[in-house]
Ligand SMILES: [Zn+2]
Ligand SMILES: [Zn+2]
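In full-length UniProt numbering, the protein residues as written are 1 to 288.
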């Protein structure tokens, strides 16, 4: 691991964050601080990320961006049901997983409370690699969950919503939470095992972005500013929404390439083509 001298770090926003990070851990039990930080931030980030979509639900002018116009499931009643389930799942199933995170991370050699933080370029590269790893892991695990009994007894719960909404991102069976959560944490642990060069702040950044990705993918909205509209290989809601609607194709999380390579996007592409043709025919009729 590269060792950088503190004296070379100018007084920047990063060094301010580093001192805040240090004071967070100073004189406290590292495992407990990590646990509290990961759990509390998970709650805040997950539910806060859903708020813009809950607000969008209230604006009729934004409903034209809803991907599925005919199936409406983002009712207050459904959202309340999902909110209660997800909150319960966070406390009963995810909290014990987070409790186990610190000892495992330390065992694999992750830097937890130490500063300085890694350079931003290192963090960006590592986060990108975790995205790629998770996407590949999720693709196959998710395809596996669509196999007969696995689907019936595990994954069916997540598919209760054929027109999903942001809060439904983590609406899943505890076994699914465990399997797919493995894809999120295994990347950093494997990286750490081989390089001994990973800081908790990078893992934390990755987990935050992964939550953003999951909520966006389930939002049910395809806004002009949605990620895939400026990053064409990004899956986003437009890609995952089809999976919920059709119960097949589009198994990946973040990127579109595995579904393309393994041919699990054919029905989705045909559907898109049909919709495009319908739209063109409709516009042509209006001009005449
Ligand atoms: Zn599925
Ligand atoms: Zn989903």
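Note that beta-carbon positions come from the ideal geometry of N, C-alpha and C, so glycine has one too.
Just so you know, these numbers come straight off a predicted model, no measurement behind them.
In this structure the region 103-114 does not touch the region 213-228; the number of beta carbon pairs closer than 8 Å is below three. Apart from sequence neighbours up to five positions away, no residue of its chain approaches residue 204 with a beta-carbon distance below 6 Å.
Only residues of its own chain outside the window of five on either side were considered, and among them 135 and 138 have a CB closer than 6 Å to the CB of residue 253, listed in chain order. With a threshold of 16 other beta carbon atoms within 10 Å, residue 245 meets it and is buried. Around the C-beta of residue 194, fewer than 16 other C-beta atoms lie within 10 Å, and the residue is accordingly described as exposed. Put simply, the region 276-288 does not touch the region 251-265. Fewer than three CB pairs are less than 8 Å apart. Residue 53 counts as buried, since no fewer than 16 other beta carbons sit within 10 angstroms of its beta carbon. Taking a cut-off of 8 Å on C-beta distances, the region 73-81 touches the region 155-173, as three or more cross pairs fall below it. Within the same chain, 202, 205, 206 and 209 come within 8 Å of residue 127 by CB-CB distance, once the 5 residues on both sides are set aside.
Residue 105 is positioned such that its CB atom lies closer than 8 Å to that of residue 200. Of all C-beta pairs linking the region 91-105 to the region 32-39, three or more are shorter than 8 Å, placing the two stretches in contact. The three-state secondary structure of residue 91, taken from DSSP, is helix.
Rounded to the nearest angstrom, the gap between the Cα atoms of residue 214 and residue 23 is 31 Å. Fully enclosed alpha helix (DSSP H) runs of no fewer than 4 residues occupy 13-25 and 30-56 of the region 1-79, in order along the chain. Distance from the CA atom of residue 226 to the CA atom of residue 236, rounded to whole angstroms, is 8 Å.
Cβ-Cβ distances below 8 Å link residue 145 to 151, 154, 155, 176 and 179 in the same chain, with the five nearest sequence neighbours on each side left out; the list follows chain order. Here the distance from the Cβ of residue 146 to the nearest heavy atom of ligand 1 is below 7 Å. Residue 236: member of the alpha helix (DSSP H) spanning 236-246, first to last residue.
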